[in-house]
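Okay, structure first, notes after.
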Amino acid sequence: MPITDPVKLQVALDHVFKVKICRRCGAKNPWNAIRCRRCRSYDLRPKRYRK
Ligand SMILES: [Zn+2]
């Protein structure tokens, strides 16, 4: 079921993409993470926006 309301869609996307991905091991981390929770690498990137 697609989301038709653009406001709700934006809220959903914000939730999905508000994570950081470790470049070393690929683990998801909280948005405010400084380093990876799994391998402790500081090399984190924000998840790319893709629809
Ligand atoms: Zn990692």
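Residue numbers (the working numbering): -12 to 38.
For glycine and all other residues, C-beta sits at the position ideal for the given N, C-alpha and C.
Below 8 angstroms, can you find three or more Cβ-Cβ pairs linking the region 24 to 34 to the region 5 to 12?
yes
Helix, strand or coil, according to DSSP, for K(-5) in the structure here?
On the sequence shown, residue -5 is found 8 positions in, with the first residue counted as 1. Correct three-state label for K(-5): helix.
Contacts around N16, its chain only, beta-carbon distance under 7 angstroms, and the 5 residues preceding and following it disregarded:
Mapped onto the sequence shown, residue 16 falls at position 29. Correct list, in chain order: V6, K7, C9, C23, R24 and L31.
Nearest to C12 by CA position, among S28, T(-9), M(-12) and K(-5), is which residue?
Residue 12 sits at position 25 when you count from the first residue of the sequence shown. C12 has its Cα closest to that of S28, out of S28, T(-9), M(-12) and K(-5).
With a threshold of 8 angstroms between beta-carbons, can C12 be considered close to chain D, or not?
No chain D is present in this structure, which holds just one protein chain.
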